[in-house]
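Protein chains in written order, with the working numbering: chain A, 1 to 369; chain B, 370 to 738.
Quick reminder that beta carbons are idealized off the backbone N, C-alpha and C, glycines included.
Shown next, in structure tokens, is the structure this report addresses.
Protein chains: 2
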Amino acid sequence: MIGEGADARDGIRTALRSPVSLITAKDVAREAGVHPSTVSRSLDPEQMARVKTETRLRVQEAAGRLGYRPDLTASSLRRQRTMTIGVLIPSFGNPIYGDLIHGINAELEPHGYQGLMIETPDGSDRLSPALETLRGRRVDGIICATSRSEDRQVLRDLVDSGMPVVLTLRWLAGLAIARVVNDDRLGGFLAGQHLVSLGHRRMLEIPGSEDIETFADRSRGFRDGLAAAALTPIRHGERTTTPDVSEGRRVMANLLASGVMDGVTAVFAQNDLLGIGAIEALRSAGLQCPEDVSVMGFNDSPLVDHLDPALSTIAMPMVEMGMRAGREILRAVNGQDTEHDVVTVRPTLVPRASTSAPAQAARPAAPAD
Amino acid sequence: MIGEGADARDGIRTALRSPVSLITAKDVAREAGVHPSTVSRSLDPEQMARVKTETRLRVQEAAGRLGYRPDLTASSLRRQRTMTIGVLIPSFGNPIYGDLIHGINAELEPHGYQGLMIETPDGSDRLSPALETLRGRRVDGIICATSRSEDRQVLRDLVDSGMPVVLTLRWLAGLAIARVVNDDRLGGFLAGQHLVSLGHRRMLEIPGSEDIETFADRSRGFRDGLAAAALTPIRHGERTTTPDVSEGRRVMANLLASGVMDGVTAVFAQNDLLGIGAIEALRSAGLQCPEDVSVMGFNDSPLVDHLDPALSTIAMPMVEMGMRAGREILRAVNGQDTEHDVVTVRPTLVPRASTSAPAQAARPAAPAD
DNA sequence: AACTATTCTGCAATCGAATGCACGGATCGA
DNA sequence: TCGATCCGTGCATTCGATTGCAGAATAGTT
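Have a look at this one:
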């Protein structure tokens, strides 16, 4: 039957390399004795009502029997809708994005949309090319989880062009773009509050990149948490480039070497990897975590609960965030967006073994180190 | 929820017209004073030579100035090529797939192709629907990293339909489909050899699902490794469903309770998560790793090098595997496939702290064998 | 029975780019 | 100078599904 359909079309097709045998609406129409337009109507839930039930059933039966699948490229061209959402992710290698992607797809797929994932590593100038690709593919909307301040203009142009956009995970101040983000300030606050409640008084942060609003918010929250106890984080000039283990190690080593860590009993690393690196550097310097220095992370990445010590951290509801982002982009695509929505999800404290009360010795010994 | 979306679309249909301002070849043609066909030719590397240089430059200049991007949906329809490769991944949440995806995209993107990732969790019957989706989207080929024996018929039908397919990471015996896989048997062999060389004599496996060829191969290799020293793994009837931490914990607890572990000094878990669970169960039973029992994992997942103890494991070149899979699918799409290629990448042993020589006390127990 | 209202379905145009074909013009050789 | 060859470009069709419009068929009304 499939062969029959292919033959009937025209000889040219066989001449071309025809990898997949295609069954078109025309084939189904012939089989059911109707016009192709009736086939289209019989299968479209929104048009179905216009077709006589008897005819519709006959068409649906024929379509099922032939294994007909409407060609989405043709449909997209005509309807000016690709049923595709571009999704920009900083790195597939970083496991925390897995749940986000999962959440996004979980929301998109039931509505017939697919996410088209593209990797745009931080500091790689890949955002613009990726957006061009997505434009060329005529995606209906874009979910961006990679925004950095240097991308502000590019993103502004993107929304100005009329493309529905939702930022998630990260966002940028001063852009009128819908966003679905974790309440990072609350996360930072929870971290600070946790360390304060354990009895720490001299604390500092290992910062992520400052040009990512997310990290800036964690800092603000952390300061809020300390301020509630009339405390202030120890200031220092160390900065990180990419928030990974090696950077955490490097920065902590510098802090130790420069004496900034003297008397410090707790550290808030702005993500888990930085925290892991910091713990390693502490260990290399003969200090133990949490006995000498407590360390908090952020993200609750996979496996950090199995580390030594198990990492205290802040967990973000990544799946939920992905689903909310998916819902928002679908709203935007369907023109339901009311202004630029801001959806916030709440992180939670996950206290584990890497944070504990400061050692008795720590207070007086501060100068000794 | 679907209803809600549909309702709103109806009502707003007119309001949301022309979301993205589209520049077409016609616009560029008008601007450059040529016919749209000349625009097409001027921008297609393969047709470019047919256009007078002067004209081509004029067109390219106009295209650049207007920010013209050929509409890939239209192009796809006409050329019968979507420049899209479907990629089936078991789970975005499992971090080891990150590098694989990265590798695939690294190979596809320079050639103008994009990977369309779909999650098809083990044991979820999502494979067929996912394939239908990809068919509807007219992807040019499919990379499948999720094959299970129950999928054999579905995959057979898929290739019979003419769709270029490459299996990676996992594969199925008896299917004439190109594949790019890790040499799992070698991996299992390396694991066995490593434990043998440390002096272990009584060992057993914590198996992954048996209906995945990959896991079966690891077993074969492990047995080879032991056989080289005239040893055999201790047999037992424990099986796992999904290869995760909780299953590892459960199985090891059962093995301990049933006495199968008596005298066993080393365990080969068929992936890292199972190994981590096993170590936890051992610890719960008052046994230490590696002092009482050495444990090996498989995969070298992110962060397992920071565990306590750092997990000895087998590392697969995931990025390379992804790139090779990308290369193979492009070959197949372009009709260059010679038979069904088999590409094998080599894993490496990563010895860490979770494996060590068996304790003195263990030896006396061995002769019992 | 005549006529209008209502279904139902076919027709043909459209979405935007790609491409076989053909024509006008330039180039070249004799 | 004339005809043969190329070259470069325009024309028109095609890819497959969708959809406004209109005509045919049926139902409903007086």
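Asked: Evaluate contact between the region 487-494 of chain B and the region 699-712 of chain B, counting only Cβ atoms and requiring at least three cross-stretch pairs below 8 Å.; Found: no
Asked: How long is the line joining the alpha carbons of V620 (chain B) and E607 (chain B), rounded to whole angstroms?; Found: 6 Å
Asked: Would you tell me roughly how many angstroms separate the C-alpha atoms of P164 (chain A) and H340 (chain A), rounded to the nearest one?; Found: 10 Å
Asked: Can you name the residues of chain A whose CB is closer than 7 Å to the CB of R507 (chain B)?; Found: D71, L72, T73
Asked: Please classify G115 (chain A) as buried or exposed, where buried requires at least 16 other C-beta atoms within 10 Å of its C-beta.; Found: buried
Asked: Since M323 (chain A) is in the alpha helix (DSSP H), which residue starts that stretch and which ends it?; Found: 318-333
Asked: Are the C-beta of R504 (chain B) and some C-beta of chain A separated by less than 7 Å?; Found: yes
Asked: Output needed for H480 (chain B): all residues of its chain with C-beta closer than 8 Å, excluding positions within five of it in sequence on either side, in chain order.; Found: L699
Asked: Go to V664 (chain B), then tell me how far its beta strand (DSSP E) extends in each direction, as first and last residue.; Found: 663-665
Asked: Would you say S312 (chain A) and P347 (chain A) are within 7 Å of each other, going by their C-beta atoms?; Found: no
Asked: From the DSSP output, in three-state form, read off L385 (chain B) for me.; Found: Note on L385 (chain B): pLDDT 37, under 50, position unreliable in the model; the coordinate value appears next. Residue state, collapsed to three classes: coil.
Asked: Tell me, please, whether the CB atom of H675 (chain B) is closer than 7 Å to any CB atom in chain A?; Found: yes
Asked: Given that T82 (chain A) touches chain B, what residues does it touch there, using C-beta distances under 7 Å?; Found: T442
Asked: Looking at S723 (chain B): is its Cβ nearer than 7 Å to the Cβ of P671 (chain B)?; Found: no
Asked: Show which residues of chain B have a CB atom less than 9 Å away from the CB atom of F298 (chain A).; Found: Chain B residues near F298 (chain A): none, gap ~15 Å exceeds 9 Å.
Asked: Starting from V245 (chain A), follow its DSSP beta bridges and name the residues at the other end.; Found: DSSP lists no partner for V245 (chain A).
Asked: Decide if G577 (chain B) is buried, meaning its Cβ has at least 16 other Cβ atoms within 10 Å, or exposed.; Found: buried
Asked: Given this structure, state the Cα-to-Cα distance separating R235 (chain A) from G187 (chain A), to the nearest angstrom.; Found: 20 Å
Asked: For R425 (chain B), collect the residues of the same chain with a Cβ closer than 7 Å to its Cβ; drop the 5 residues on either side in sequence, then sort them by chain order.; Found: S411, M417
Asked: Nearest to R570 (chain B) by CA position, among B:E689, B:D396, B:A726, is which residue?; Found: B:A726
Asked: So, with DSSP's three-state summary, where would you put T344 (chain A)?; Found: strand
Asked: Counting C-beta neighbours from all protein chains within 10 Å, is the total for A597 (chain B) 16 or more, i.e. buried, or is it exposed?; Found: exposed
Asked: For chain A, check one thing: does any of its Cβ atoms lie closer than 7 Å to the Cβ of S445 (chain B)?; Found: yes
Asked: Counting only C-beta atoms, is P727 (chain B) closer than 7 Å to chain A at any point?; Found: no
Asked: Could you work out which residues of chain B lie near T99 (chain A), taking near to mean beta carbons separated by less than 9 Å?; Found: Per the sequence shown, the amino acid found at residue 99 (chain A) is Asp instead of Thr. F461, G462, listed in chain order.
Asked: Within 10 angstroms of its Cβ, does T422 (chain B) collect 16 or more other Cβ (buried), or is it exposed?; Found: exposed
Asked: List, in order along the chain, the chain A residues whose C-beta lies closer than 7 Å to that of I645 (chain B)?; Found: H306
Asked: Does the distance from the CB of I96 (chain A) to the CB of N299 (chain A) come in under 7 Å?; Found: yes
Asked: Checking contacts by CB at 7 Å: is R721 (chain B) closer than that to chain A?; Found: no
Asked: If contact is defined by three or more beta carbon pairs under 8 Å, each pair taking one atom from either stretch, is the region 269-285 of chain A in contact with the region 648-667 of chain B?; Found: no
Asked: Got a sec, what are the start and stop residues for the alpha helix (DSSP H) V196 (chain A) sits in?; Found: 184-198
Asked: Check distances from the C-beta atoms of the region 255-272 of chain A to those of chain B and list, in chain order, the residues that come in under 8 Å.; Found: none
Asked: Kindly indicate which residue of A:H194, A:Q193, A:S147 has the alpha-carbon position closest to the one of W171 (chain A).; Found: A:S147
Asked: Between G225 (chain A) and V139 (chain A), is the Cβ-Cβ spacing less than 7 Å?; Found: no
Asked: Can you give the beta carbon distance from G275 (chain A) to A266 (chain A), rounded, assuming they're within the 8 Å contact cut?; Found: In fact, because the Cβ distance is near 11 Å, the residues do not count as touching under 8 Å.
Asked: Hey, quick one: how far does the beta strand (DSSP E) through A599 (chain B) stretch, first residue to last?; Found: Counting along the chain, A599 (chain B) falls outside any beta strand (DSSP E), and DSSP gives it neither H nor E.
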